[in-house]
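Here my numbering is used: the first residue of the sequence shown is 26, the next is one more, and so on. Even for Gly, the Cβ is constructed at its ideal location relative to N, Cα and C.
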Amino acid sequence: MDDMTAAARGETLTFSERIELKPFLWLSLKNGLLNIITLTLYRFWGKTEVRRRVWSKIAVNDEPFEYTGRGVELFLGFLIALFTVGLPFLIVVFGAQFLGPAFALLIILPLYIGMFVLLGAAIFLAFRYMASRTRWRGIRFRMHGSPLNFAFSYMGWLLLTGVTLGWYTPVMSLNVAERLWGGLRFGDQHFRFVKPDDHGLWGPFALAWVGSIVGYIVVVIPGMIAVMAATGSLTAETPTEPSVAGIVGLYGVLFVYLAIAMLVYAPYHAAVMRTVAGSLRLGDARFKLDVTAMPLLGLTITNTLLLVFSIGLLSPYVQARTVRFMVKRLTSTGEAPLAEALQTGAGPRTGEGLADAFDFSII
């Protein structure tokens, strides 16, 4: 009777992971080789295998998650997006070249605006697909909400971000998180996203915004001038072909600026992660992600170096170490009504076609 009463009240949530990175190193090599042999066609099955392995190593109350997605679903989703969106887009853009400039602009401009709508839809559909293919204790997650509604909202948020020179970014980050995480369901149990009155994002974002501009003025502009002067491009009377030394120098300047951008944005990204996790509720359960700037910066820099020097080959390895980093820092207080969750309907039949077309994936 006591056990039944406790189950009715809910359960505290304890997160754990058993991710060993060495197997993901070999998986990266395997996926890379098969992608080369199949001209990247294997990536749908490779992505599925990575998710299946990662999910099985993450547990709540010592019970692991299960990923039930299939590579063929991602492949079919990609084909649908290719023939219903990608191909018509290319045909219209190509055909517009034969029209006058005014007519071409009238046709192409709405298309490019529509790309931002499609990007928003891709984000929502990718999140919805992954939720529907994730199970715990045999009960699947699912998403509530309209992809079209999210897509147009996303375009509006992007517009406001551009108009405000980026200063709408903290609000947009929370709006996106609210729509995605607030629309998540575990069976018939609803997650809630409660925005804090004082999210504390403006200070870290101001540091990032000012720091990135100062870094550009101090590093990029003088660096490019110095490289061009050293290679003789500044004094040449006629345009010359860029030299190897000039190209290497320009990339060096950009890498230095990228490191500065990572440094100044790390406090903001860490603050966003903490705020999003702290705003999420499931029953009476609340979540906390103990992420600070310097550990996140170390993860970001090492992940970037691994991806750059492996030409993306070590992507599964990078994804696994990123998930391990997050789960180790995730805790919860309060109780969630997990025992009351009931199974709901199946999710979409196909995968993340639009997300793959935009080269976007949550993992």
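To which residues of the same chain is Leu339 closer than 7 Å at the C-beta, ignoring the five residues directly before and after it? Ser53, Leu331 and Leu332
Ordered list of beta strand (DSSP E) runs contained in the segment 327-372, each at least 3 residues: 355-358
Checking contacts by CB at 7 Å: is Gly163 closer than that to chain B? Any reference to chain B falls outside this structure, which holds one protein chain only.
Along the alpha helix (DSSP H) that carries Thr194, what are the first and last residues, could you check? Thr194 to Trp206
Hey, Ala202 and Tyr293: beta-carbon distance below 7 Å or not? no
Classification of Ala255 by the beta-carbon crowding that lies within 10 angstroms, buried from 16 upward: exposed
Quick one: residues in its chain with C-beta nearer than 6 Å to the C-beta of Phe350, no 5 flanking neighbours on either side, listed in chain order? Leu324
So for Val219, helix, strand or coil by DSSP? coil
Are the CB atoms of Ala146 and Ala176 within a distance shorter than 7 Å? yes
Counting C-beta neighbours from all protein chains within 10 Å, is the total for Gly187 16 or more, i.e. buried, or is it exposed? exposed
Buried/exposed call for Asn56, threshold 16 Cβ in 10 Å: Classification for Asn56: buried.
Contact belief for Gly346 with Leu46 at Cβ below 8 Å, rounded distance in angstroms: The sequence given here places Arg at residue 346; Gly does not occur at that position. Contact flag correct, Cβ pair sits at about 6 Å.
State the DSSP-derived secondary structure class of Ser41, mapped to helix, strand or coil. strand
For Arg165, the three-state DSSP class (helix, strand or coil): strand
By the DSSP assignment, the alpha helix (DSSP H) with Leu305 in it spans what residues? From DSSP, Leu305 is part of no alpha helix (DSSP H) but of the beta strand (DSSP E) over Leu305 to Leu307.
Compare the C-alpha of Val352 against each of Ser41, Gly35 and Thr37 and name the closest. Ser41
Is it buried or exposed for Gly125, if we count other Cβ within 10 angstroms and need 16 for buried? exposed
Could you tell me which residues DSSP pairs with Gln122 in its beta bridges? Partner(s): none; Gln122 has no beta bridge.
Collapsed DSSP secondary structure at Pro320 in the structure displayed: helix
One question on the structure: do Phe149 and Ala156 come within less than 7 Å of each other, judged by their Cβ atoms? no
Can you tell me whether Met266 is helix, strand or coil according to DSSP? What sits at residue 266 in the sequence shown is Glu, not Met. If DSSP states are grouped into helix, strand and coil, Glu266 belongs with coil.
Which runs of the alpha helix (DSSP H) at least 4 residues long sit entirely within the segment 43-111? Give them in chain order. Here the runs fully enclosed are 46-62, 68-81 and 96-106.
Let me check one thing: in DSSP terms, what residues is Trp310 bridge-paired to? With the sequence shown as reference, residue 310 is identified as Ala, and Trp is not the correct amino acid for it. Residue pairing for Ala310: DSSP places it in a beta bridge opposite Leu307.
Evaluate contact between the segment 355-372 and the segment 101-112, counting only Cβ atoms and requiring at least three cross-stretch pairs below 8 Å. no
First through last residue of the beta strand (DSSP E) which encompasses Gly209: One detail in the question is off: residue 209 reads as Leu in this sequence, not Gly. It spans Leu209 to Phe211 - the beta strand (DSSP E) in which Leu209 sits, taken as one unbroken run.
Terminal residues of the alpha helix (DSSP H) in which Val239 lies: Element bounds for Val239: Trp227 to Gly240.
Can we say the segment 272-282 touches the segment 206-220, given the rule of at least three CB pairs closer than 8 Å? Contact fails: fewer than three Cβ-Cβ distances are below 8 Å.
Could you tell me the alpha carbon to alpha carbon distance between Ile44 and Leu283, rounded to whole angstroms? 29 Å
Residue burial classification, Phe312 (beta-carbon count within 10 angstroms, cutoff 16): Buried is the call here.
Reference Phe218; option with closest CA among Leu66, Val85, Leu112 and Val301: Val301
Endpoints, the alpha helix (DSSP H) within which Thr186 is located: It spans Pro172 to Val188 - the alpha helix (DSSP H) in which Thr186 sits, taken as one unbroken run.
Measure the C-alpha to C-alpha separation of Asp309 and Phe152 and round it to an integer number of angstroms. 24 Å
What does the Cβ neighbour count give for Pro247, buried or exposed, with the cut at 16 atoms within 10 Å? exposed
Please classify Thr256: does DSSP put it in a helix, a strand, or coil? coil
With DSSP as the reference, label Arg160 as helix, strand or coil. Residue state, collapsed to three classes: strand.
When Ala364, Gln122 and Ala291 are compared against Gln214, the one with the closest alpha-carbon: Ala364
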